[in-house]
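Residue numbers (the working numbering): 26 to 300.
Even for Gly, the Cβ is constructed at its ideal location relative to N, Cα and C.
Just so it is clear, the structure is predicted and the values come from calculations on it, not from any experiment.
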């Protein structure tokens, strides 16, 4: 299985920027694609994907694995993922530490899990089967959440650590999601970061959100706020140099604005990690 590699600083590949990326080749180290957008037999999405792949490294990020569901694993979906991976040779494949459906119905939402040992064992077994099928380690991302389960026996970070270590997978640490959930549930975001062992985090997401006062919605449609930048700095101090990506999915700004955010992430990394 593949080991971690620091790709540098990347962006999510979005349709609004296809032509500009190909024409200008902006100073971006890599792109993350939404896997489900390219699970098609042909057409414009794959045309642009192939052209971008000629210029930049890619990673695949999915929202449909539903690794925590009690439904059977969807091997038709996994077959499509493996086919896409064979086509573009991504550096790695990731999805979310959550469930997204039940009874064959996809809710199109990233639902949190109960953090207990039975669920950790269930998720671990499924991750191992997915990795065996894909022939590579996967990364699992912490989701933002708005509710908790009474049966939880451990914290979210303890659960993520147990799954990653037991399944021999890696984590995609979404710093914004840590901040969002810490506000919504009243835990210490810095304790979350400091409790994840070094070496488990292979990628970092940074994104914006909408603050509604006593709760926060993970919207991916706003600039990154200072609290998230500060937490990113703490994450670098904890994990060292890790591939970092700005995640923007709606209210798309000019590409130049995202490049400024990416440059800011790079400047924080240089300041924190330069001896």
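Close beta carbons around residue i, own chain, < 7 angstroms, minus the five adjacent residues each side
i           : result
residue 204 : 214, 252, 253, 256
residue 45  : 280
residue 143 : none
residue 28  : In this predicted model, residue 28 has a pLDDT of only 49, less than 50, meaning its place in the structure is not dependable; the value taken from the coordinates is given anyway. For residue 28, where only same-chain residues beyond five positions count, there are no Cβ hits under 7 angstroms.
Inter-residue CB distance, residue i and residue j (contact presumed, cutoff 8 angstroms)
i           : j           : result
residue 166 : residue 122 : 6 angstroms
residue 92  : residue 152 : 6 angstroms
residue 176 : residue 141 : 6 angstroms
residue 185 : residue 221 : 7 angstroms
residue 246 : residue 275 : 4 angstroms
residue 209 : residue 171 : 6 angstroms
residue 58  : residue 38  : 5 angstroms
Contacts around residue i, its chain only, beta-carbon distance under 8 angstroms, and the 5 residues preceding and following it disregarded
i           : result
residue 94  : 124, 125, 126, 127
residue 260 : 198, 200, 218, 226, 229, 267
residue 265 : 223, 298
residue 301 : Only positions 26 to 300 of the chain appear in the structure, and residue 301 is not among them; the question remains open.
Burial state of residue i, where buried means 16 or more other Cβ atoms lie within 10 Å
i           : result
residue 273 : buried
residue 160 : exposed
residue 137 : buried
residue 41  : exposed
residue 240 : exposed
residue 150 : exposed
residue 162 : buried
residue 114 : exposed
residue 202 : buried
residue 282 : exposed
residue 18  : The structure shown does not extend to residue 18, since the chain spans only 26 to 300, so no value can be given for it.
residue 196 : buried
residue 17  : Residue coverage of the chain in this structure runs from 26 to 300, which leaves residue 17 outside it and unanswerable.
residue 292 : exposed
residue 47  : exposed
6 angstroms Cβ shell around residue i - same chain, five flanking residues per side excluded
i           : result
residue 268 : 31, 32, 228
residue 107 : 159
residue 120 : 87, 90
residue 55  : 32, 35, 81, 82
residue 78  : 113
residue 206 : 169, 170
residue 235 : 242, 244
residue 308 : Here the chain comprises residues numbered 26 to 300, so residue 308 is not present and cannot be evaluated.
residue 189 : 196, 225
Where residue i falls: helix, strand or coil (DSSP)
i           : result
residue 79  : coil
residue 117 : coil
residue 227 : strand
residue 212 : coil
residue 59  : strand
residue 178 : coil
residue 86  : strand
residue 30  : coil
residue 166 : strand
residue 197 : strand
residue 131 : strand
Any non-hydrogen atom of the ligand SAM within 7 angstroms of residue i CB
i           : result
residue 138 : The ligand SAM is absent from the structure shown, which contains no ligands of any kind.
Tell me whether the segment 93 to 101 and the segment 63 to 77 touch, counting them as touching only if at least three CB pairs, one residue from each stretch, are closer than 8 angstroms.
no
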